[in-house]
Amino acid sequence: MLRPTPDALREQAFTIIGQRLAGATFLDLFAGTGVNALEALSRGASRVVLVERAPKAGELIRRNFAAFVVPEGRWELMAREAERALPVLAARGVAFSLAWCDPPFASWAEGPVALVLARESGVLGPGAEVVLEAPPKVEVAVPGFSLVRELRGAVLLRAS
144 MLRPTPDALR EQAFTIIGQR LAGATFLDLF AGTGVNALEA LSRGASRVVL VERAPKAGEL
204 IRRNFAAFVV PEGRWELMAR EAERALPVLA ARGVAFSLAW CDPPFASWAE GPVALVLARE
264 SGVLGPGAEV VLEAPPKVEV AVPGFSLVRE LRGAVLLRAS
């Protein structure tokens, strides 16, 4: 079941990271509907990579990107689990300075695990910033990342 990012959280987070989006390549882990990647493109990202394992969500992402007429070279959907997508990105030498991670709350720990894998593989380099959505009252601590700011329903982390 999809749990879209609340509009207020998306607006707050993109207001904070917005200036760093110009020309950036943006990673959307557990992409769901793809709306966060679309927002990144609308605010200046040059390219987005979406990772989503659920086939129905992948279909929705394709429809959403077609509806907004996003050229194929500006986005890529990796229809697989994050732990399988990250080594592929690392092998390509792809690195991101900005990312969004919105794991299903029922299996929320997959998000921090994916971020550690991304950091260790170089997909997220030192200084990369990540918005990590989290269930209410969850203590967020991700090895290799420091807390930059708490948001409404998420945290902004920086890779060390």
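Counting in this note's numbering, the sequence shown runs from 144 upward without gaps.
Beta carbons are placed, not taken as given, at the ideal position from N, Cα and C, and that holds for glycine.
The C-beta distance from residue 172 to residue 225 rounds to 5 angstroms, short enough to meet the 8 angstroms contact threshold. When DSSP reads this structure, residue 219 sits in a beta bridge with 192. When DSSP assignments are scanned along the stretch 154-194, the uninterrupted stretches of beta strand (DSSP E) that are 3 or more residues long and fall wholly within it turn out to be 168-172 and 190-194. A contact is defined here as three or more CB-CB pairs under 8 angstroms, and the stretch 277-291 meets this definition with respect to the stretch 252-262.
Excluding the 5 residues flanking it on each side, residue 164 has same chain C-beta neighbours closer than 7 angstroms at 183, 186, 187, 188 and 241, in chain order.
Annotation: residue 276 is outside any alpha helix (DSSP H); the continuous beta strand (DSSP E) that includes it extends over 267-276. In its chain, beyond the 5 residues on either side, 272, 289 and 291 have a beta carbon closer than 6 angstroms to the beta carbon of residue 301. Only residues of its own chain outside the window of five on either side were considered, and among them 265, 266 and 268 have a CB closer than 7 angstroms to the CB of residue 238, listed in chain order. Around the beta carbon of residue 150, fewer than 16 other beta carbons lie within 10 angstroms, which makes this residue exposed. Judged by beta-carbon spacing, residue 147 lies within the 8 angstroms limit of residue 178, meaning their Cβ atoms are closer than that value. By DSSP's assignment, residue 303 forms no beta bridge with any residue. According to DSSP, residue pairing for residue 292 in a beta bridge involves 299.
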